[in-house]
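**Q** Could you have a look at this structure, given as structure tokens, before my questions?
Numbering (the UniProt record's numbering), first residue to last: 1 to 505.
Structure follows, in structure tokens:
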């Protein structure tokens, strides 16, 4: 970027908004079940256990590896010490760094296009909401956007340094989550299209290189990607067999039931007008600008190859994810970041002749950013855990932290001893029970000894069996764990009577 005080000031404003939207009240929202399971994996390593990759259930080691030094800096070295703000700080960093990825396209999209794309990335409700959650997708998105830019550069002009950068980015994606393979499949047609455009389009002025040059570059990409991913999966070469497990996960990974959705789920989530809590949620500004960019590519004979590359990559990402029955909103982070970049190209390509029209377009863009920012404030504020928030996917009930606080009060009045959790799919309960001094046992079905336990928490599938066993000895107190998932607390009757007679705080 040429020295221009205005552009640097604008970037500073974008950075301030990106940080503010991602860090304000970061630890307030109740912990999601996926966050709590990730926290348990981190705690096991903080407490001295070696990293063990599970190809059937969990994802790659990068999220834990990045969060460990953050926890250490904050003096958190075990399960009971971890807090939500520490965990989420990791993904916040990824979300903030993502805002700077348009700079990798600066010479193609120009300084104002890059700035516009950065502003959209900084204020996209989808990207902001999930960068405040301790899950793998924010880091996958950051590494994915680095890999996307590197692959474009390698295909445009192959060389060793670009190939190493692409390989390292892809390797980090692989070490983050197995869904990196979907991105590889999505970028492949875009790479082929770019090669064809270079080889057969006389208007581009960038002739394709030899097959040997491309093969050498992509061989380097493959080797670097495998080496970097293998380093993390093998626990820094201490357990090389785990790198084999990283490939087994493509065949053995077990998804949980209840996430099957129709083909058009993602389009409806991001595009179709949904009015909840008095606001239209879809991110229309980004889609309109990205569509404008693609339309210009189609009607203009001479158009930037990077627009075709990004457009096809985003489209194939969307098609593949839409064809897979298992769907969650956060899987759209990387495809949507592609769309934000496309929107930046549209801003750069708009060259109105008069200052009045430029001012109008700038005003409309500012209004759109204001609308997105307002959505961010709502979905991360009073609607952070509400079912009216389209991005609050299977949110943890506000009952969970309240339940934990009440049990701590009860434990202070009368040490509880052993607590029982009966059933499966009980996360994030362990996160909220970890501050109790009591021992906590987890059983898939009721056991006879539970009649003497002071507190039993039963998941829905074991409610009837637990009720039958404890109805004479315990008082039943219904609570809520997650959206549409109740948890029944059974409190021993003598303790319930003591609580009722004690002075209430």
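Just so it is clear, CB atoms sit at the ideal spot from N, CA and C, and this is done for glycine as well. Here the structure is a predicted model, which means the values were calculated and not measured.
Any idea if residue 309 is buried or exposed, counting beta-carbon neighbours within 10 angstroms, 16 or more meaning buried?
**A** Here the question's residue 309 lines up with position 309 in the chain shown. So residue 309 ends up on the buried side.
**Q** Leaving out five residues on either side along the sequence, give the residues of the same chain with a beta carbon under 6 Å from the beta carbon of residue 422.
**A** In the chain shown, counting from the first residue as 1, residue 422 sits at position 422. Around residue 422: 443, 446, 458, 462 and 466.
**Q** What residue range is occupied by the uninterrupted alpha helix (DSSP H) comprising residue 28?
**A** Taking the first residue of the chain shown as 1, we reach residue 28 at position 28. Taken as a continuous stretch (DSSP letters only), residue 28 belongs to no alpha helix (DSSP H), as it is neither H nor E.
**Q** Here's the rule I'm using: 16 or more other beta-carbon atoms within 10 Å means buried, otherwise exposed. How should residue 509 be labelled?
**A** Nothing can be reported for residue 509: it is not among the residues displayed for the chain, which extend from 1 to 505.
**Q** Whose CA, out of 440, 312 and 138, lies closest to the CA of residue 420?
**A** Here residue 420 refers to the residue found at position 420 when the chain shown is read from its first residue. Out of 440, 312 and 138, 440 has the C-alpha closest to the C-alpha of residue 420.
**Q** Buried or exposed for residue 389, going by 16 or more other Cβ atoms inside 10 Å?
**A** Here the question's residue 389 lines up with position 389 in the chain shown. Classification for residue 389: buried.
**Q** Hey, is the region 89-96 in contact with the region 122-136, meaning 3+ C-beta pairs nearer than 8 Å?
**A** A contact exists between the region 89-96 and the region 122-136.
**Q** Give the DSSP bridge partners of residue 260, in chain order.
**A** Counted from its first residue, the chain shown places residue 260 at position 260. Residue 260 pairs with 326.
**Q** Tell me where the beta strand (DSSP E) around residue 440 begins and ends.
**A** Numbered from its first residue, the chain shown carries residue 440 at position 440. 439-443 is the extent of the beta strand (DSSP E) around residue 440.
**Q** Taking the alpha-carbon positions, what's the residue 62 to residue 476 distance?
**A** The sequence position of residue 62 within the chain shown is 62, counting from 1. The sequence position of residue 476 within the chain shown is 476, counting from 1. Spanning the two alpha carbons is a distance of roughly 42 Å.
**Q** Drop a sphere of 10 angstroms on the beta-carbon of residue 415, count the other beta-carbons inside from all chains shown, and report buried for 16 or more, exposed for fewer.
**A** What you label residue 415 is simply residue 415 of the chain shown in a count that begins at 1. Burial call: exposed.
**Q** Excluding the 5 residues preceding and the 5 following residue 190 in the sequence, name in chain order all residues of the same chain whose CB lies nearer than 7 Å to its CB.
**A** For the purposes of this step, residue 190 is taken as residue 190 along the chain shown, with counting starting at 1. Within the same chain, residue 190 has close Cβ partners 309, 312 and 313.
**Q** Using the Cβ count rule (16 or more neighbours within 10 Å means buried), how would you classify residue 299?
**A** Taking the first residue of the chain shown as position 1, residue 299 is located at position 299. Result: exposed.
**Q** Please report how far the alpha carbon of residue 126 lies from the alpha carbon of residue 400, in whole angstroms.
**A** Taking the chain shown and counting its residues from 1, the one referred to as residue 126 is at position 126. Taking the chain shown and counting its residues from 1, the one referred to as residue 400 is at position 400. Cα-Cα distance, rounded: 25 Å.
**Q** List the DSSP bridge partners of residue 474.
**A** Counting from one through the chain shown, the residue named residue 474 turns up at place 474. Per DSSP, 492.
**Q** Note down the Cα distance separating residue 9 from residue 114, rounded to an integer number of angstroms.
**A** Taking the chain shown and counting its residues from 1, the one referred to as residue 9 is at position 9. Taking the chain shown and counting its residues from 1, the one referred to as residue 114 is at position 114. Going from the Cα of residue 9 to the Cα of residue 114 covers about 14 Å.
**Q** Tell me which same chain residues have a C-beta within less than 6 Å of the C-beta of residue 451, skipping the five on either side of it?
**A** Position 451 of the chain shown, counting from 1, holds the residue named residue 451. Result list for residue 451: 473, in chain order.
**Q** Please give the ranges of any beta strand (DSSP E) in the region 161-238, keeping only runs that are unbroken, at least 3 residues long and fully inside the region.
**A** With a minimum length of 3 residues, no continuous beta strand (DSSP E) run stays inside the region 161-238.
**Q** When you compare each of 92, 158, 155 and 118 to residue 140 by their alpha carbons, which one comes out closest?
**A** Your numbering for residue 140 matches position 140 in the chain shown. It is 92 whose Cα lies nearest to the Cα of residue 140.
**Q** Nearest CA to the CA of residue 13: which residue from 135, 361 and 369?
**A** In the chain shown, counting from the first residue as 1, residue 13 sits at position 13. Measuring from the Cα of residue 13, the nearest candidate turns out to be 369.
**Q** Buried or exposed: which applies to residue 341, given that a residue is buried once 16 or more other Cβ atoms fall within 10 Å of its Cβ?
**A** Residue numbering aside, residue 341 sits at position 341 when the chain shown is read from its first letter. Classification of residue 341: buried, given that the 10 Å Cβ count is 16 or more.
**Q** Between 80, 152, 238 and 81, which has its C-alpha nearest residue 52's C-alpha?
**A** The residue given as residue 52 occupies position 52 in the chain shown. If we check each option's Cα against that of residue 52, 238 comes out closest.
**Q** Is it true that the region 223-231 meets the region 160-167, where meeting means three or more beta-carbon pairs spaced less than 8 Å apart?
**A** Short answer: they touch.
**Q** Would you call residue 454 buried or exposed, if buried means 16 or more other Cβ atoms sit within 10 Å of its Cβ?
**A** The residue you call residue 454 lines up with position 454 of the chain shown. Residue 454 is buried by the Cβ-count criterion.
**Q** When the Cα of residue 244 is compared with those of 254, 232 and 255, which residue comes out closest?
**A** Looking up residue 244 in the chain shown gives position 244. For the residues 254, 232 and 255, the minimum Cα distance to residue 244 belongs to 232.
**Q** What does the alpha-carbon distance come out to for the pair residue 182 and residue 144?
**A** Here the question's residue 182 lines up with position 182 in the chain shown. Here the question's residue 144 lines up with position 144 in the chain shown. Between residue 182 and residue 144, the C-alpha separation is close to 11 Å.
**Q** Per DSSP, what kind of secondary structure is residue 486 in: helix, strand or coil?
**A** Counted from its first residue, the chain shown places residue 486 at position 486. In the structure shown, residue 486 sits in a strand (DSSP, three-state: E or B).
**Q** Ordered along the chain, which non-local residues of its own chain (more than five positions away) have a Cβ less than 6 Å from that of residue 489?
**A** Residue 489 sits at position 489 when you count from the first residue of the chain shown. Same-chain partners within the cutoff: 457, 477 and 479.
**Q** Exposed or buried, residue 339, counting other C-beta atoms within 10 Å across all chains shown (16 or more means buried)?
**A** Taking the first residue of the chain shown as position 1, residue 339 is located at position 339. Buried, because 16 or more other Cβ atoms sit within 10 Å of the Cβ of residue 339.
**Q** With a cut-off of 8 Å, do at least 3 Cβ pairs link the region 27-37 to the region 77-89?
**A** They touch, by the three-pair rule.
**Q** When the Cα of residue 20 is compared with those of 123, 60 and 57, which residue comes out closest?
**A** Here the question's residue 20 lines up with position 20 in the chain shown. The option with the nearest alpha carbon to residue 20 is 123.
**Q** In the DSSP output, which residue or residues are listed as bridge partners for residue 418?
**A** Walking along the chain shown from the start, residue 418 turns up at place 418. According to DSSP, residue 418 bridges with 439.
**Q** Should residue 60 be labelled buried (16 or more other beta-carbon atoms within 10 Å of its own) or exposed?
**A** Locating residue 60 in the chain shown gives position 60, counting from the first residue. Counting Cβ neighbours within 10 Å, residue 60 comes out buried, since at least 16 surround it.
**Q** Thinking C-alpha only, which one of 216, 148 and 116 is nearest residue 188?
**A** Translated into the one-based positions of the chain shown, residue 188 becomes position 188. Nearest option by C-alpha distance: 148.
**Q** For residue 456, name the three-state secondary structure that DSSP assigns.
**A** One-based indexing of the chain shown puts residue 456 at position 456. Three-state DSSP puts residue 456 in a strand.
**Q** Kindly provide the ranges of any alpha helix (DSSP H) runs that are 4 or more residues long and lie completely inside the region 72-133, ordered along the chain.
**A** Entirely contained in the region 72-133, the alpha helix (DSSP H) runs reaching 4 residues are, in chain order, 84-98, 106-123 and 125-131.
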